[in-house]
Structures are given as C-alpha cells and as structure tokens.
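J.:
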Amino acid sequence: MYDDIAFNVQNPRPGIIINKPYGPDVYNGVPKDYTGENCTANNFLAVILGNRTALTGGSGKVVNSGPNDYIFIYYADHGSAGMVAMPTGDDLYAKDLIEVLKKKHEAKSYRSMVTCESGSMFDGLLTDDMNIYAVTASTPAESSYAMYCPGHYPSPEDDFETCLGDLFSISWIEDSEKHDLQKETLEQQHGVVRRRTLVDYLDFSSHVMQYGNKELSKEPIFTYIGTNPDNDNFTMKAEEFSSNPSAEIAHSSRLTRGAVSQRDAQLHYLWHRFNRSADGSSEKIEAQKQLQNEILSRQQVDQNIHQIIAQVFGEENVSKMIESIRPAGQPLVDDWDCLKMLVRIYGKICGSLSIYGKKYTRAMANMCNAGINEKQMTLASNQACLK
1 MYDDIAFNVQ NPRPGIIINK PYGPDVYNGV PKDYTGENCT ANNFLAVILG NRTALTGGSG
61 KVVNSGPNDY IFIYYADHGS AGMVAMPTGD DLYAKDLIEV LKKKHEAKSY RSMVTCESGS
121 MFDGLLTDDM NIYAVTASTP AESSYAMYCP GHYPSPEDDF ETCLGDLFSI SWIEDSEKHD
181 LQKETLEQQH GVVRRRTLVD YLDFSSHVMQ YGNKELSKEP IFTYIGTNPD NDNFTMKAEE
241 FSSNPSAEIA HSSRLTRGAV SQRDAQLHYL WHRFNRSADG SSEKIEAQKQ LQNEILSRQQ
301 VDQNIHQIIA QVFGEENVSK MIESIRPAGQ PLVDDWDCLK MLVRIYGKIC GSLSIYGKKY
361 TRAMANMCNA GINEKQMTLA SNQACLK
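Mapping of the sequence shown onto the UniProt record's numbering: residues 1 to 387, in sequence order.
#1: Can you tell which of K348, V260, H78, S120 has its C-alpha closest to the C-alpha of W336?
#2: For the alpha helix (DSSP H) containing F44, name the first residue and the last one.
#3: Using a threshold of 7 Å, state whether the C-beta atoms of S143 and G79 are closer than that.
#4: Following the continuous alpha helix (DSSP H) through A363, name the residue where it begins and the one where it ends.
#5: Report buried or exposed for G66, applying the criterion of at least 16 other Cβ atoms within 10 angstroms of its Cβ.
#6: Measure the C-alpha to C-alpha separation of Q376 and V312 and round it to an integer number of angstroms.
#7: Let's see if you can read the secondary structure: which residues bound the beta strand (DSSP E) around Y148?
#8: Buried or exposed: which applies to T56, given that a residue is buried once 16 or more other Cβ atoms fall within 10 Å of its Cβ?
#9: Which residues bound the alpha helix (DSSP H) around G212?
#10: What are the boundary residues of the beta strand (DSSP E) that A384 is part of?
#11: Tell me whether the beta-carbon of Y211 lies closer than 7 Å to the beta-carbon of Y70.
#12: Would you list the one or two residues that DSSP bridges to I71?
#13: For a minimum of 4 consecutive residues, which ranges assigned as the alpha helix (DSSP H) are wholly contained in the segment 258-290?
#14: For L353, count neighbouring C-beta atoms within 10 Å of its own C-beta (all shown protein chains included) and say buried if the count is 16 or more, exposed if not.
#15: Once the 5 residues before and after I308 are set aside, which same chain residues still bring their CB inside 7 Å of it?
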C-alpha cells in the first residue's frame, strides 16, 4: 500500500481510515511491507515471484510458496485498458503481469491462485491451464465505480469529502465479512458481487467478470482468505443467489443508490469541496481554482489525443480510434511494447497521463494495432503539445 491516506492533511481523522459510512478503523494493525517510493510495479512482481534479489527497499517479504500452496492476490487502484496504476514509477502492464504468473506456474510454486484486478489485464491473456481464477470489477471496456461518496446514498459522515471505496471492493469485502466462508464458494460470491455492481437501472454500471480456470470457483472462499468464526453457520437468503434479472435489480436497489466513475472521483471530490465552502471564503476561491484546473486539464488531454490521432490517421478516423473495442477473448493490443512506447512518448512530450487521461490507453492500443511507429507518434505529439 502507498500509505498516503491515514496521515494526509485532508483526512479529517488523522491516523484513521474507514471504508464505509460510520465504519471502524481499518488502518491500525495492518502490516505494511512496501509503502511510499517502494510501492512499485517491480517490487510487486518480485514479491509474487519470490525474487528477493529484485526488490528495492521494503521489508523484503516475498511469496515464498510451493506446489501445495494457495495464493490470493487483491489489487486495488486506478487502471485503464491494459494496465493498472502504480503510485510510484511505471504502471503495471497486463503483458508483464501475465509473464510473471506464467513463470510462477512453470516453477510449480503454487497449487491454485485467485486474483482480483482489472478486466483488460486478463482478457485473451490468462489461459485455463495456469490454474488461476481471476475476478475483475468490470469488463475490459468499462470503468469501475467509486462508492460511499458525499451527496449520494449511503453517504459518508459530513466531515468526509471523498468517496470511501470502490463498489467492487466494497461488495466482496462486505460479503466476506458477514458470511461463513467455509461454506460460501467463490462462484457464489461472484454472483453476490456481480448483482451488487450490476445496477443498469441507474446511470452507472459495471459487470464483474471471470477469467482463467473457472473450475476453481467451486472452491470455498475459506481456502484462500480464511473466515471469521463468528460467522459459522450463517445462512444466506435465496435471493442472494437468484439468477433472475429482475431479482438482481431489486436486490441491488436495496444495497446501492449512487456511485461515481473512478475516473470522475477526483472531479466529484473537488466539486463537493467547492459546493460546501462558504461563499466568498478563501476556501471557496481555492476550491473553485482547483476545480477549474481539473476541468481544463481534462479538456487539454482530450484535445491532445484528438490532434495526435488526426495527425497520423486523419480527422475522419479519430472517433474510430478512440471508441473501437476488440471482441471478447482477444488481447487489447498485438504489440505491448508499442503501447508502452506510445505512453512513454506522450508522457515525455505532453506530460504523464493523469487518472483521467489513462482512459485513452485503449485509443493508443488501437493506434498500435493500426501500425503507428515511434517517429509518427513523436512528431504528432510535438505538434499537438508543443505549440
């Protein structure tokens, strides 16, 4: 964990983190092995492989597993097509993660593995024979959603100005906290979590997805994360397992009433700060400035990407490059090094992609699939960003 929340100056309760309204502190007592500048993609992959020599900083702990071990990996952060964000250094690309998981499998250093990450990290890449079962917050083409946000129901307490979690994580964690995980299977939890995140009757929705060896979903959750003895013999209601679409919507409607796209969570936070500040106050003026800067920054990224695509492929192909989605089961991009190259060039010339800007990695992947080269990207970026 990056560990930038508990003692952040904007945290109304220093040293405390909650992940639901009126919830308990979930920070104190949690082990922290890699924080701050040591929270990197390189360290993350080295930990999975059990490669201590590749580590930089941190506690030195790794997953030193063998052929009879069960592994559970949970990754929560902002992501985009083909990557998940890291707070320090380079982001984690799907190709690099899959290559490490393959090495882990070839080394016979686990029996089975369950992982929760992003859809485009696995689609068309994770094969059944690796004995890994992956669950993701959304399809490769969707955004996930922030939850427990100010102004929504249920809302955090008044002193909080930010969303407290993401809908997918909240759903599986809260389900795990109340059920007997010796009896509930991964597949049953997938159904519960999918129903809670599937809220098509509102203006936000994501579809929880499964990848890899789905036979593993028949195993009890206890196998991977244990269980709370207080939940022994907990009986689930039939509606929680219902496959009827109308029942899904009805059940979801009692659980969630509002969410915010992960890409808009910062915008929501800034708007809430501006809206609640007293008129004419210095806080109001500063909040307005930050909100305007965020909006202008987004508009600039939109303009940059539009112009880069138009320079290389023509104005008539801009929408196609931005919106095209490959069929399910096909990797995001054929040449992952090309995608990394486009992100790197854009970052060098136009500035690193923000959380909002990362939504354009799919467009960059489409540009790679259409044959863009380094010279073209460099020239187009210079023309778009260095006027």
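The C-beta atom is built at its ideal place from N, Cα and C for all residues, glycine as well.
T.: Reading from the atomic positions:
#1: S120
#2: 41-49
#3: no
#4: 361-369
#5: exposed
#6: 7 Å
#7: Looking at the DSSP string, Y148 is not in any beta strand (DSSP E), and its letter there is neither H nor E.
#8: exposed
#9: Careful: G212 lies outside any alpha helix (DSSP H), inside the beta strand (DSSP E) at 209-212.
#10: Looking at the DSSP string, A384 is not in any beta strand (DSSP E); the run it does join, the alpha helix (DSSP H), is 374-385.
#11: no
#12: M113
#13: 265-276
#14: buried
#15: A380, S381, A384
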